[in-house]
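Chemist: Quick one: the structure is below, questions incoming.
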Amino acid sequence: IFIFSIRVFIFSTRIFIFSARIFIFSTSISIFSTKIFIFSPRVFVFSIRIFIFSTRVFIFSTKIFIFSARIFIFSTNIFIFSTSIFIFSTKIFIFSPWNVRWEEVWEFQLSLWGCSGSTATAESDRYKNTAQGSQQLLG
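This is the structure in structure tokens:
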């Protein structure tokens, strides 16, 4: 969600910048057309229409930008919350070893080393709590 919201935020920022450029361009056209209004009223009316359209596009892109910023802030809050839950659970795991069944952890570690099922139990009985066994497992 966090990476998706970053992508949406970047995309909406690009749209916002593009619409701001259109807005600035249409503003300059309308200023230029007011200068030549005396010579050509049709150009002035056309530039006013472009200005109104670009203003609407700018307002719409601003709304999209604000919405994507809200999504980005929301996903950042979710990311921070999940990180804090991860840190909290890690602290619980580290500071409360009596909640962990070490035999299961040992069997899981042995299964990662290539032992499985009854072999893992036999290996854990054979190597558990011995310095020689841990040296043999580690190589």
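In short: position in the sequence shown from 1, add 2, done, that's the numbering used here. Backbone N, C-alpha and C fix where the C-beta goes; we use that ideal spot for every residue, glycine too. Just so it is clear, the structure is predicted and the values come from calculations on it, not from any experiment.
1. Does the distance from the CB of residue 28 to the CB of residue 66 come in under 8 Å?
2. For residue 11, tell me which candidate among 89, 86, 69 has the shortest Cα-Cα distance.
3. In this structure, does DSSP put residue 63 in helix, strand or coil?
4. Since residue 63 and residue 21 are thought to touch, with beta carbons under 8 Å apart, how far apart are those beta carbons, to the nearest angstrom?
5. Can you tell me whether residue 74 is buried or exposed, with buried defined as 16 or more other CB within 10 angstroms of its CB?
6. If you measure from the beta carbon of residue 66 to each beta carbon in chain D, is any gap under 8 Å?
7. Tell me whether residue 77 sits in a helix, a strand or coil according to DSSP, three-state version.
8. Rounded C-beta distance between residue 55 and residue 32? I'm assuming under 8 Å.
9. Mapping the DSSP letters down to three states, classify residue 42 as helix, strand or coil.
10. Under 7 Å: does the beta carbon of residue 58 sit that close to some heavy atom of the ligand FAD?
11. Have a look at residue 82 and residue 18 and give me their C-alpha separation to the nearest angstrom.
Modeler: On the basis of the coordinates in this document:
1. Taking 8 Å as the Cβ cut-off, residue 28 and residue 66 do not qualify as a contacting pair.
2. Closest option to residue 11, judged by alpha-carbon separation, among 89, 86, 69: 69.
3. helix
4. Residue 63 to residue 21, Cβ: 4 Å. Contact.
5. buried
6. No chain D appears in this structure, which consists of one protein chain only.
7. helix
8. Actually they are not in contact, since the Cβ atoms of residue 55 and residue 32 sit about 11 Å apart, beyond 8 Å.
9. coil
10. Of the ligands one can find in the structure shown there are none, so the ligand FAD has no counterpart to examine.
11. 27 Å
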